[in-house]
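In our numbering, the protein residues as written are 12 to 472.
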């Protein structure tokens, strides 16, 4: 019931119409997304979303606890979750204005421009019906997404034409396909636990599907690569290349797969086939995109988001350069801690489960250590989570809820002064300390592999 309540609050908030959480998509049409045009206040929206994410996190925690004690998710719940997902794309995206940027980059590409060079605000003098809708702080920012993402954005723009609403809805449909694909695959491989980690997880639903974030496409492609690598390595490479071509951070799945192949003594053939498959996607796509496709990545690496522990250091000492130097080292330390915190490798583990364990470790280390980290970035760790037993479900769930609350209501515009101060206060003053608490929790988890009396490392076999 809590999961359903959470999903209803998320979808219902979006259905109310433009707000501090959901930007306007222009005049209503016969096609989705639909909204009532109530224009709720930023205070109402914030209360609804906070309640949704707290209820959703509680629901997932309760569901995972029940599964651990033998509960089985009924098939009817899976069907209901699919129906809820379909409803989620009938309302406007919620939680940010990123989907407006996606539409703009696709529009620029379709009309012959270079989305990696041209900022949305300057396209056709700022008069274009799609690119002019992009909101601060991204109006002057060219695309930082990979060429595969740009290709999908261009396709939705080609069909959507001059209609921002239609273009956004087509993007939402691509997100829906990705969401359901991941959900079905995880349910099939991960059973009831897999269902709670994805299809029945309203926090992820709100962040990824209702939010319509590009990370969802990359997660689906990356998951496909993990599942196919033992049997169809060439196709797995193609999918991994496509995931990286959507968002570069999914390159972390590559060392995870290599580790799994080495661990299972699979030889060089699947490695070479996988590399060839990835090259089939990445080489031509980046040749077409050009060297400018990497320009914004160089700029983005200097960002430090407000809700990360690194922000405390930047605000106190202005040590942005030191943060850029230290965070890769911290990420390496977190990889070690996360690897130690893993539950023992089950007997009969295969390439996919070993790759998934490694992908969770690398993905979680990245989102926990990165100076610029937003809640939907966590898809890189959540997509492979159900493919293997890790013991990290609770840690990642708390992290997800903490970050989700930090970015309520979502837009830069539309907030009352009181809501602005309250939400910014949590994001800047509370969330970073909770992030530090998560790191300390991870240290405790990593120490559990030691026996209490001798301090020696407990056997994993």
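Glycine included, C-beta positions come from ideal geometry on N, C-alpha and C. Note that the structure is a prediction, hence the values are computed from the model and not measured.
- The straight-line gap separating the alpha-carbon atoms of residue 45 and residue 451 is approximately 44 Å.
- The DSSP-derived three-state label of residue 354 is coil.
- Of 360, 380, 365 and 392, the smallest CA-CA separation from residue 374 is found for 392.
- In this structure the region 329 to 345 does not lie against the region 358 to 367, because fewer than three pairs of beta carbons, one per stretch, are closer than 8 Å.
- Going by DSSP, residue 368 is part of the alpha helix (DSSP H) stretching over 362 to 380.
- Going by DSSP, residue 431 is part of the alpha helix (DSSP H) stretching over 428 to 436.
- DSSP assignment within the region 396 to 431 yields the following whole alpha helix (DSSP H) runs of 4 residues or more, N-terminal first: 404 to 417.
- Put simply, of 128, 297, 24 and 83 the residue whose alpha carbon is nearest the alpha carbon of residue 306 is 128.
- Per DSSP, reduced to three states, the secondary structure at residue 146 is coil, with no helix or strand assignment.
- Taking all protein chains shown into account, residue 427 has fewer than 16 neighbouring C-beta atoms within 10 Å of its C-beta and is therefore exposed.
- With a contact defined as Cβ atoms closer than 8 Å, residue 207 and residue 75 qualify at about 5 Å.
- Only residues of its own chain outside the window of five on either side were considered, and among them 186, 189, 190, 219, 220 and 390 have a CB closer than 7 Å to the CB of residue 227, listed in chain order.
- Rounded to the nearest angstrom, the gap between the Cα atoms of residue 180 and residue 110 is 10 Å.
- Note on residue 290: under 16 other CB atoms within 10 angstroms of its CB, so exposed under the neighbour-count rule.
- Residue ranges of uninterrupted beta strand (DSSP E) with 3 or more members are absent from the region 87 to 128; none lies entirely inside it.
- Restricting attention to 41, 444 and 233, the CA atom closest to the CA of residue 264 is found in 233.
- Comparing alpha carbon positions, the residue from 50, 215 and 119 closest to residue 99 is 215.
- CA-to-CA, the gap between residue 277 and residue 12 works out to about 45 Å.
- C-alpha of residue 174 to C-alpha of residue 140: approximately 7 Å in a straight line.
- Look at residue 156 here: in three-state DSSP terms it is coil, with no helix or strand label.
- Runs of the alpha helix (DSSP H) lying entirely within the region 286 to 347, each at least 4 residues long, are 306 to 311 and 321 to 328 in chain order.
- In this chain, the alpha helix (DSSP H) harbouring residue 226 covers 226 to 239.
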